[in-house]
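Participant:
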Amino acid sequence: MKLLKNWDNKTWLSSEEYILSFTSFIKTKTKLNKNLKILDIGCGRANIISFLHKKFQFISKPVGIDIIKSKNIKKNIIFYKSDAIKYLKNTNELFDLILVKQVIHFFSKKQIESLLNLAKNKLNKDGQILIFSLKTKNNKIPCFKIMKSKLLKSLKKDEDILKVIKNNLKDYKINNFSFKVDLSTYKYVQMIKNRYISCLLNMSDKELKKGINEIKSIYKDQIKFTDTLNCISFKK
Ligand SMILES: C[S@@+](CC[C@H](N)C(=O)[O-])C[C@H]1O[C@@H](n2cnc3c(N)ncnc32)[C@H](O)[C@@H]1O
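The opening position of the sequence shown corresponds to residue 70 in this note's numbering, with each subsequent residue numbered one higher.
In structure tokens:
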């Protein structure tokens, strides 16, 4: 499996506005306070938990795990380079909040079952799991033709994944988190060149080059759209 390396590297997903807006959303789901112990599964560069820790000064440092150790991971958190299932099987720690943001599509249905069962067992009393994934219907991510067809295929798979999650969690709530993106076409082209999203990982260089020209011809200088995620929240 090819690995995602540039998801949160200088993109709107690592911007202060995005993280502030995401934090405000989390606040509507859970009471953030210094006593919370947080685990971020597939944390990338740990931008989110690092920001939360700066803001709330948690007594226990948040833990982030990722299968990749990126170069500039935030320093004020505890990071483990590990597969999520392996980590959950081996840790003795319990958490109040487990974040699984835009990661679940990397796992098979069987792996999702075991990931969720393990995560539920690693929750403190009243602990919570928040799972975020791309909105599957009418998604607005700017795409070129082949990218769109690959994204639609992957979103179709996400719909099956959502069913598996809902069956497993049984008692859950579902909401949307939306963020208005406004970035230059130049910056978005850089993100595409860096294969920022899973549906670009297996594309040939030739397809990518053609796609970039398509993007440049569709959008002038600026790209505006709404990035929407589904959020499934589960409380123990
Ligand atoms: C789309 S990025 C999301 C990063 C971060 N959660 C965010 O929203 O900014 C997906 C992340 O999941 C990680 N990942 C993929 N498979 C994983 C696994 N089996 N165990 C742990 N992390 C994994 C990738 O390395 C990548 O950093």
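No residue lacks a Cβ here, since even glycine has one placed at the ideal position from N, Cα and C.
When you compare only the Cα positions, how much space is there between I292 and I284?
Facilitator: So the alpha carbons of these two residues sit roughly 10 Å apart.
Participant: Quick check on S139: buried or exposed, where buried means 16 or more other Cβ atoms within 10 Å of its Cβ?
Facilitator: Per the 10 Å Cβ criterion, buried.
Participant: So is L166 buried or exposed if we call it buried at 16+ other beta carbons inside 10 Å?
Facilitator: With 16 or more Cβ atoms within 10 Å of its Cβ, L166 is classed as buried.
Participant: Can you list, in chain order, the residues of its chain whose CB lies under 8 Å from that of V258, leaving out five sequence neighbours each side?
Facilitator: Excluding positions up to five away in sequence, the list reads I281, I284 and K285.
Participant: Can you tell me where the beta strand (DSSP E) with I200 in it begins and where it stops?
Facilitator: Segment L192 to L203, the beta strand (DSSP E) holding I200.
Participant: Under 7 Å: does the beta carbon of A153 sit that close to some heavy atom of ligand 1?
Facilitator: Result yes, Cβ under 7 Å from ligand 1.
Participant: Tell me whether L82, by its Cβ, gets closer than 7 Å to a heavy atom of ligand 1.
Facilitator: Under cutoff, so the answer is yes.
Participant: Between the alpha carbons of F120 and K242, how many angstroms are there, rounded?
Facilitator: Answer to the nearest angstrom: the Cα atoms are 25 Å apart.
Participant: Report the option in D135, K232 and N141 whose CA atom is closest to the CA atom of K179.
Facilitator: Of the candidates D135, K232 and N141, the one whose C-alpha sits nearest the C-alpha of K179 is K232.
Participant: For N134, count neighbouring C-beta atoms within 10 Å of its own C-beta (all shown protein chains included) and say buried if the count is 16 or more, exposed if not.
Facilitator: Sequence inspection shows Ile at residue 134; the Asn mentioned does not correspond to that position. Buried, because 16 or more other Cβ atoms sit within 10 Å of the Cβ of I134.
Participant: Within the segment 75–109, note down every full alpha helix (DSSP H) run reaching 4 residues or more, in order along the chain.
Facilitator: Whole alpha helix (DSSP H) segments, 4+ residues: 85–98.
Participant: Classify Y288 as helix, strand or coil using the three-state DSSP reduction.
Facilitator: Y288: coil per DSSP, three-state reduction.
Participant: Using CA coordinates, which residue listed in K249, N186 and D195 is at the minimum distance from K209?
Facilitator: Ranking K249, N186 and D195 by Cα distance to K209 puts K249 first.
Participant: Does C300 come out as helix, strand or coil in the three-state DSSP assignment?
Facilitator: Looking at C300 - three-state DSSP - the assignment turns out to be strand.
Participant: Using the Cα positions of T295 and I88, report the straight-line distance between them to the nearest angstrom.
Facilitator: Distance between the alpha carbons of T295 and I88: 15 Å.
Participant: Sorry if obvious, but does the Cβ on K79 come closer than 7 Å to a heavy atom of ligand 1?
Facilitator: No, the Cβ of K79 stays beyond 7 Å of every heavy atom of ligand 1.
Participant: Tell me whether T195 is buried or exposed, calling it buried when 16 or more other Cβ atoms sit within 10 Å of its Cβ.
Facilitator: Reading off the sequence shown, one finds Asp at residue 195, where the question assumed Thr. D195 should be labelled exposed.
Participant: Excluding five sequence neighbours on each side, which residues of the same chain lie with their C-beta closer than 7 Å to the C-beta of I381?
Facilitator: This structure cannot settle anything about residue 381, because the visible part of the chain is limited to 70 through 305.
Participant: According to DSSP, which residues form a beta bridge with I134?
Facilitator: Paired residues: I110 and Y149.
Participant: For M216, which residues from the same chain have a beta carbon less than 7 Å from its beta carbon, with the 5 sequence-adjacent residues on both sides left out?
Facilitator: Here the set comprises C268, L269 and G280.
Participant: Answer yes or no: the CB of C300 versus the heavy atoms of ligand 1, is any distance below 7 Å?
Facilitator: No, the beta carbon of C300 sits no closer than 7 Å to any heavy atom of ligand 1.
Participant: Which one or two residues does DSSP pair with T295 in a beta bridge?
Facilitator: In DSSP, T295 forms a bridge with K249.
Participant: Are the Cβ atoms of F201 and N141 separated by less than 8 Å?
Facilitator: Going by C-beta atoms, F201 is not nearer than 8 Å to N141.
Participant: Taking the beta carbon of D227 as the centre, do at least 16 other beta carbons fall within 10 Å, making it buried, or is it exposed?
Facilitator: Classification for D227: buried.
Participant: Compute every distance between the C-beta of K170 and the non-hydrogen atoms of ligand 1, then say whether any falls below 7 Å.
Facilitator: Yes, Cβ of K170 sits closer than 7 Å to a heavy atom of ligand 1.
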